[in-house]
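Residue numbers (my numbering), protein chains in the order written: chain P, 204 to 511; chain L, 354 to 593; chain Y, 2 to 315.
Report on one structure; see the data block that follows.
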């Protein structure tokens with residue numbers, strides 16, 4: 204393939220990564236923004252989403268599409284519910300202390316991973332996408348005979364990938380409107396701005412925290428369900444989305460949702476593009492160093508304002 | 354002239370986001386004097402001493418301590434030059450013992466000479482009459498004792514300039530009497546800048562008074578002069 | 002002054018009992034203890050920064066692996082003998098620690114945790130990137146023939162035990178001494194209230210930097226010692242897991258105590274060792290133990306002893 208088609212393909216792959224990453228990272232971002240909790244187990248909630256999607260789609264044996272659509276609802280809800288239980292049993296009792304919650308969520312990470320290994324097993328398992336037509340893409344070139352349309356071999360995209368990108372955009376826009384317009388969104392922002400004041404106004408902080416933690420985990424699970432037909436479910440798959448979400452949340456400005464989405468697009472695209480042209484390891488090194496330096500020299504993030 | 358005064362500030366201003374907390378404060382503190390800094394709430398007293406010890410950088414102006422320009426010096430270096438500061442809001446290390454609280458300040462000067470450190474720590478605790486509480490955890494002490502410990506932490510550093518920010522706030526009557534004795538015993542050896550609301554304490558301990566109002570120096574003079582100054586009475590004393 | 006003699010007796014007792022354990026336990030436990038002592042050095046290094054200075058790093062695997070690969074590469078590829086290789090490892094770790102200290106200490110709290118995590122991750126990925134020399138996750142073995150010091154074969158179980166003991170004892174005594182100096186006391190003051198420590202005239206930035214440097218170098222000593230005594234260097238030791246383990250050991254044993262890291266390392270080691278006899282799900286046990294301890298023993302084992310029985314515990 205020529206450089207041009209290659210580049211476009213990399214951008215499409217990057218957009219897919221960005222879409223899933225945005226969902227996962229926004230989940231981490233609301234939890235950090237509102238609860239001030241760094242949830243190290245976030246990647247495991249992602250992994251659980253993928254694993255539950257596999258269980259649902261294999262037990263419901265009518266048609267792959269039915270199983271998948273069911274998983275799209277069941278997995279986020281189950282994971283969100285599990286997160287709420289974890290919040291009530293552990294985080295709440297630690298009084299949401301920033302350092303101790305980090306350690307406790309590390310413990311949760313080990314537990315979730317091990318339980319998944321014991322039930323789901325060590326193998327990577329695929330989920331069949333509900334639809335998966337391949338669209339070959341044309342390429343336009345200015346050759347010796349003037350303008351030419353060519354069909355480079357291997358240059359194409361599946362309908363499923365396009366659907367994932369669109370679905371993620373719809374969810375994110377919906378979430379943004381929900382947070383901006385609804386009463387719960389208002390309560391969340393009030394809690395984020397001033398916890399004491401929110402308490403004084405009779406906002407049930409602990410219930411808000413539980414819902415936020417559930418919502419964050421549910422978003423990660425949703426991202427995982429979307430990606431699992433493309434990349435298989437595996438009990439160790441949570442590490443990478445955790446790291447990338449961290450990167451995105453920090454570059455976007457801790458706790459800022461629009462910033463997080465912008466950063467997800469930036470990181471997703473550049474990850475896709477850099478890893479097509481360079482080694483993916485180098486891409487990750489650059490991304491992690493970027494995060495570190497952003498935090499050192501610009502702690503409010505590239506797009507964020509100063510921390511409150 | 355300059356050699357006589359330990360601390361001089363020239364045209365010190367501090368602006369907090371558009372609000373002038375201090376305006377052109379020219380202040381001179383001779384060596385060995387006990388000076389009281391008084392003024393109504395919000396007059397800028399704590400901000401002013403904050404600029405002296407480095408907690409708050411002034412917007413403009415110059416601060417000279419012991420002949421050296423310290424305007425841009427880091428906080429810890431100023432403390433090393435011999436400025437000790439006791440916080441208005443008690444700020445002891447609440448999980449360490451009273452002894453260790455004082456020893457931290459002493460060790461910065463005398464390092465690992467344990468005998469010397471020990472005797473200076475006990476002397477400082479003794480001067481505020483809490484030597485018997487040395488091994489108590491500071492956070493377990495009563496509020497008044499924590500205030501005294503805060504003072505002992507300053508004393509332990511044998512400072513040239515001792516800045517006390519409302520030291521008698523929250524002290525019991527007997528403890529206030531003890532505090533007055535302490536200041537009298539220090540006068541002559543240590544230069545003291547005392548921010549104080551309790552006029553009784555000011556009148557009995559200070560040699561000279563500076564009145565701050567709305568970020569400016571309103572008046573300066575001896576205790577008697579201030580007692581009869583019309584402006585001061587209008588701005589401050591009159592309300593008492 | 003009675004407390005002083007208690008402390009000295011305790012330190013002597015710990016070191017003596019580690020020597021005695023060699024003669025009364027089986028070869029299997031000897032091997033375990035050697036490993037525990039080397040890893041406890043890592044935990045002690047971590048504790049110096051976390052327990053005493055109050056800085057929670059999530060990137061200490063970087064320092065451990067810097068020591069490990071510093072020694073491994075210089076022996077395996079540059080064919081240096083043990084002592085020069087160890088010196089290279091220490092120098093390299095010190096450089097890495099200084100660089101991280103310079104950058105990461107500009108941040109505090111959660112940002113510090115994430116910055117250290119990110120630098121360690123970049124280090125881990127760098128090891129993978131240069132897989133040609135580092136052999137990545139697979140790692141490489143340092144030949145038995147090269148692992149000799151003063152004519153002693155470091156692969157011999159007894160000699161290995163005493164070499165591990167020597168590393169442990171030196172680090173332990175260093176920590177026991179350092180935390181009693183005015184420098185060490187100032188670190189505690191910074192942990193408790195940094196702004197107040199600054200108002201007592203301490204250059205807290207310098208103290209934190211030196212604490213991180215010492216902590217990093219001790220972790221590197223442990224990494225280099227591990228590579229030397231167990232003959233292996235691999236990228237796994239640079240992964241996030243090895244940044245979390247020392248935190249776990251210190252929390253289990255009691256942060257801010259001299260003895261805590263050893264207790265915690267031994268406890269965690271045998272927790273895994275014993276639970277993996279019954280179940281393959283040892284990570285579940287470890288995970289549950291972490292959650293349980295953060296909930297109910299925030300001060301760790303030695304910390305609880307200090308709180309309840311012996312307030313003089315160093």
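Even glycine gets a Cβ: it sits at the ideal position worked out from N, Cα and C.
The structure displayed is predicted, hence computed values, not measured ones.
Nearest-angstrom Cα distance between residue 239 (chain Y) and residue 292 (chain Y)?
Taking the straight line from one Cα to the other gives about 24 Å.
Roughly how many whole angstroms lie between the Cα atoms of residue 182 (chain Y) and residue 463 (chain L)?
About 12 Å.
Can you find the residues in the same chain that come closer than 8 Å, C-beta to C-beta, to residue 393 (chain P), ignoring five residues on each side of it along the sequence?
Non-local C-beta neighbours of residue 393 (chain P) in its own chain, meaning closer than 8 Å and more than five positions away in sequence, comprise 400, 401, 404 and 406, ordered along the chain.
Starting from the Cα of residue 210 (chain P), find the closest Cα among P:492, P:491, P:496 and P:474 and give me that residue.
Per the Cα distances, P:474.
First and last residue of the uninterrupted alpha helix (DSSP H) at residue 478 (chain L):
Taken as a continuous stretch (DSSP letters only), the alpha helix (DSSP H) holding residue 478 (chain L) covers 467-480.
Got a sec, what are the start and stop residues for the beta strand (DSSP E) residue 414 (chain L) sits in?
Under the DSSP assignment, residue 414 (chain L) falls in the beta strand (DSSP E) whose first and last residues are 413-418.
Bridge partners - residue 574 (chain L), DSSP secondary structure assignment
Per DSSP, L:562.
Going along chain Y in order, which residues have a C-beta closer than 9 Å to the C-beta of residue 432 (chain L)?
199, 200, 201, 202 and 203, listed in chain order.
Name the chain L residues whose beta carbon is nearer than 7 Å to that of residue 308 (chain Y)?
Neighbours of residue 308 (chain Y) on chain L: none; closest Cβ ~11 Å, over 7 Å.
Under 8 Å: do the stretch 199-208 of chain Y and the stretch 423-432 of chain L share three or more Cβ pairs, one atom per stretch?
Result yes; three or more Cβ-Cβ pairs closer than 8 Å.
Reference residue 176 (chain Y), options Y:275, Y:198, Y:61 and Y:263, closest by Cα:
Of all alpha-carbon atoms in Y:275, Y:198, Y:61 and Y:263, the one lying nearest the alpha-carbon of residue 176 (chain Y) is that of Y:263.
Determine whether the Cβ of residue 300 (chain Y) lies closer than 8 Å to any Cβ atom of chain P.
It does not: the Cβ of residue 300 (chain Y) has no partner Cβ on chain P nearer than 8 Å.
N-terminal and C-terminal residue of the beta strand (DSSP E) that residue 515 (chain L) is part of
Element bounds for residue 515 (chain L): 514-518.
The alpha helix (DSSP H) spanning residue 70 (chain Y) covers which residue range?
For residue 70 (chain Y), the uninterrupted alpha helix (DSSP H) segment begins and ends at 62-77.
May I ask you to report which of helix, strand or coil DSSP gives residue 300 (chain Y)?
In the displayed model, residue 300 (chain Y) falls within coil according to three-state DSSP, outside both helix and strand.
Report the start-end ranges of each alpha helix (DSSP H) in the stretch 290-362 of chain P that is 4 residues or longer and not cut off at the edges.
You should have 301-323.
Beta carbon of residue 243 (chain Y), beta carbon of residue 65 (chain Y): below 8 Å?
Yes, they are a contact pair.
Find out if the Cβ-Cβ distance for the pair residue 491 (chain L), residue 444 (chain L) is shorter than 8 Å.
Not closer than 8 Å, so no.
Taking 8 Å as the threshold, find out whether the stretch 209-225 of chain Y comes into contact with the stretch 32-50 of chain Y through three or more Cβ pairs.
Yes, they touch.
Same chain only: Cβ atoms within 8 Å of residue 307 (chain P), ignoring 5 sequence neighbours per side:
293, 294 and 297, listed in sequence order.
Chain L partners of residue 183 (chain Y), CB-CB under 7 Å?
Within 7 Å Cβ-Cβ: 460, 464 and 465.
At what residues does the beta strand (DSSP E) containing residue 364 (chain L) begin and finish?
First-last of the beta strand (DSSP E) with residue 364 (chain L): 358-369.
Selection from Y:208, Y:8 and Y:229 that minimises the alpha carbon distance to residue 106 (chain Y)
If we check each option's Cα against that of residue 106 (chain Y), Y:208 comes out closest.
Find the nearest neighbour of residue 434 (chain L) within the set L:519, L:534 and L:510, judged by alpha-carbon distance.
Nearest C-alpha to residue 434 (chain L): L:510.
is_contact[residue 311 (chain P), chain Y] using C-beta, thresh 8 Å:
Output row for residue 311 (chain P): interface = yes.
Kindly confirm or deny that the stretch 362-375 of chain L and the stretch 519-528 of chain L touch, where touching means at least three C-beta pairs closer than 8 Å.
Result no; under three Cβ-Cβ pairs closer than 8 Å.
Against chain Y, does residue 514 (chain L) count as a neighbour if the rule is that its beta carbon must be under 8 Å from one of theirs?
Cβ-Cβ to chain Y under 8 Å: no for residue 514 (chain L).
Taking a cut of 9 Å between CB atoms, which residues from the stretch 327-346 of chain P lie near chain Y?
Those residues of the stretch 327-346 of chain P that come within reach of chain Y (Cβ to Cβ, closer than 9 Å) do not exist; the list is empty.
Residue 165 (chain Y) and residue 68 (chain Y): beta carbons closer than 8 Å?
The beta carbons of residue 165 (chain Y) and residue 68 (chain Y) sit no closer together than 8 Å.
Comparing C-alpha positions only, which one of Y:286, Y:267 and Y:90 sits nearest to residue 319 (chain Y)?
The structure shown does not extend to residue 319 (chain Y), since chain Y is modelled only from 2 through 315, so no value can be given for it.
Could you give the distance in angstroms between the alpha-carbon of residue 453 (chain L) and the alpha-carbon of residue 94 (chain Y)?
Rounded to the nearest angstrom, the two C-alpha atoms are 34 Å apart.
So, does the CB of residue 317 (chain P) fall closer than 8 Å to a CB anywhere in chain Y?
Proximity of residue 317 (chain P) to chain Y, defined by a Cβ-Cβ separation below 8 Å, is satisfied.
Which of the three DSSP states is assigned to residue 438 (chain P) in this structure?
Assigned with DSSP and collapsed to three states, residue 438 (chain P) falls in coil, not helix or strand.
To which residues does DSSP link residue 153 (chain Y) through a beta bridge?
Secondary-structure assignment with DSSP links residue 153 (chain Y) through a beta bridge to Y:150.
Would you mind telling me which residues of chain P sit closer than 9 Å to residue 120 (chain Y), beta carbon to beta carbon, in chain order?
Within 9 Å Cβ-Cβ: 491, 492 and 495.
Compute the Euclidean distance between the alpha carbons of residue 336 (chain P) and residue 361 (chain P), then round it to the nearest angstrom.
If you take the alpha carbons of residue 336 (chain P) and residue 361 (chain P), they lie about 5 Å apart.
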